[in-house]
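Student: Please find one structure pasted underneath; my questions will follow.
Structure below.
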């Protein structure tokens, strides 16, 4: 079973 | 800002492609062009558009401005353009509205619309420069068909890239399916080329719902580029003329 990760986990706020 | 786009249709296609993913966006204008970056509500996908100043003729932007625009409103106005119309975007300093003028190339019709702007407090993400392990170019229509076909069976697709080729596979309640592409060169129709540039094998799983959504951009470019590295978001890029682009980033599905 897999779950969806989110973009902000990889790209940080600038 | 004053930016004249030879093809109003280009902006219309971009908006049509992204408007189900993101609703209210800042169009950031500076002397290098017009850029947009926005995440979808669930923060799973990121849209990044860059229309370089070279895509416009002429292009003038004296001061950096962010035009906060509701994409549904923009789509309504862009639908008023005829397919061959020339579009000029105009905005003043600290504007309340953005002005769109459509000119017909072969008649004297001129139509003009203003869209009210909104204040959008949008988080801007830094996208790191990435050397991807796999860079795949393929016909955009082919990618769209694969995504749609596999979505009939499953919510997710596994994308595996090895030196053998790239394999899209899924597993669902009714069964399973897969499509494998190998590098392929068509001298007569380079749009049909499949190019796979691999530095190390990659295997990642993604939600098909988002990929099918990205594929709405297929009309913008005959080819799509997929860039993958293990454990980072997938980049799906539609190249536009003059180095402009529409990019989508999609966070992978990960093991519990």
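Chains as they are written, first to last, in the numbering used here: chain A, 1 to 14; chain B, 1001 to 1256.
Glycine included, each C-beta is placed from N, C-alpha and C at the ideal position.
Starting from the beta carbon of residue 1249/B, find every residue of chain A whose beta carbon is closer than 7 Å, and list them in chain order.
Tutor: Under the 7 Å cutoff, chain A gives 7.
Student: Three Cβ pairs or more, each shorter than 8 Å: is that satisfied between the segment 1107 to 1120 of chain B and the segment 1156 to 1169 of chain B?
Tutor: Segments in contact, no.
Student: Assuming the contact rule is C-beta atoms closer than 8 Å, residue 1098/B and residue 1067/B should be a hit. Round their C-beta distance to whole Å, please.
Tutor: Right, their Cβ atoms sit about 5 Å apart.
Student: Are the segment 1033 to 1050 of chain B and the segment 1138 to 1156 of chain B in contact at 8 Å, needing three or more beta carbon pairs?
Tutor: Counting Cβ pairs under 8 Å, fewer than three are found: no touch.
Student: Give the secondary structure of residue 1151/B by DSSP, where H, G and I count as helix, E and B as strand, and everything else as coil.
Tutor: Three-state result, residue 1151/B: helix.
Student: Report yes or no: is there a C-beta of chain A within less than 8 Å of the C-beta of residue 1045/B?
Tutor: True, the Cβ-Cβ gap to chain A drops below 8 Å.
Student: Please list, in chain order, all residues of the same chain as residue 1221/B whose beta carbon is under 7 Å from its beta carbon, the five residues on each side excluded.
Tutor: The answer, listed in chain order, is 1140, 1238, 1239, 1240.
Student: Among residues of its own chain, excluding the 5 on either side of residue 1133/B, which ones have a beta-carbon nearer than 8 Å to its beta-carbon?
Tutor: Counting only Cβ-Cβ distances below 8 Å, and skipping sequence neighbours, we find 1161, 1198, 1199, 1200, 1201, 1202, 1228, 1229, 1230.
Student: CB-CB under 7 Å to residue 1212/B, same chain, minus the five flanking residues each way: which ones, in chain order?
Tutor: Same-chain partners within the cutoff: 1147, 1148, 1151.
Student: With DSSP as the reference, identify every bridge partner of residue 1136/B, one or two as the case may be.
Tutor: Paired residues: 1196/B, 1226/B.
Student: Contact check, residue 1029/B vs residue 1061/B under 8 Å by CB: the rounded distance?
Tutor: With 8 Å as the limit, residue 1029/B and residue 1061/B qualify as a contact, their Cβ atoms being about 5 Å apart.
Student: Excluding the 5 residues preceding and the 5 following residue 1155/B in the sequence, name in chain order all residues of the same chain whose CB lies nearer than 8 Å to its CB.
Tutor: Excluding positions up to five away in sequence, the list reads 1172, 1207, 1208, 1209.
Student: To the nearest angstrom, how far is the alpha carbon of residue 1179/B from that of residue 1217/B?
Tutor: Cα to Cα, residue 1179/B sits roughly 21 Å from residue 1217/B.
Student: Just curious, the beta strand (DSSP E) that residue 1037/B is in, first and last residue?
Tutor: Where residue 1037/B is concerned, the enclosing beta strand (DSSP E) stretches over 1033 to 1039.
Student: Using a Cβ cut-off of 8 Å, which residues of the segment 1202 to 1213 of chain B contact any Cβ in chain A, in chain order?
Tutor: Going along the segment 1202 to 1213 of chain B in chain order, one finds 1205, 1207 with a Cβ nearer than 8 Å to chain A.
Student: Report, in whole angstroms, the separation of the C-beta atoms of residue 1046/B and residue 1037/B, which I expect to be a contact under 8 Å.
Tutor: The Cβ separation is near 7 Å, so the contact holds.
Student: Verify whether the separation of the beta carbon atoms of residue 1177/B and residue 1196/B is less than 8 Å.
Tutor: Contact: no.
Student: Give a yes or no on whether the minimum CB-CB distance between residue 1196/B and chain A is below 8 Å.
Tutor: Cβ-Cβ to chain A under 8 Å: no for residue 1196/B.
Student: In the DSSP assignment, find the unbroken beta strand (DSSP E) run with residue 1238/B in it and report its ends.
Tutor: Counting along the chain, the beta strand (DSSP E) containing residue 1238/B begins and ends at 1234 to 1239.
Student: Cβ closer than 7 Å: which chain A residues qualify as neighbours of residue 1200/B?
Tutor: Within chain A, no residue comes near residue 1200/B; the closest Cβ sits about 19 Å away, beyond 7 Å.
Student: When the Cα of residue 1093/B is compared with those of 1117/B, 1106/B, 1107/B, 1078/B, which residue comes out closest?
Tutor: Nearest C-alpha to residue 1093/B: 1117/B.
Student: In terms of residues, what are the limits of the alpha helix (DSSP H) holding residue 1213/B?
Tutor: Here the alpha helix (DSSP H) through residue 1213/B covers 1208 to 1214.
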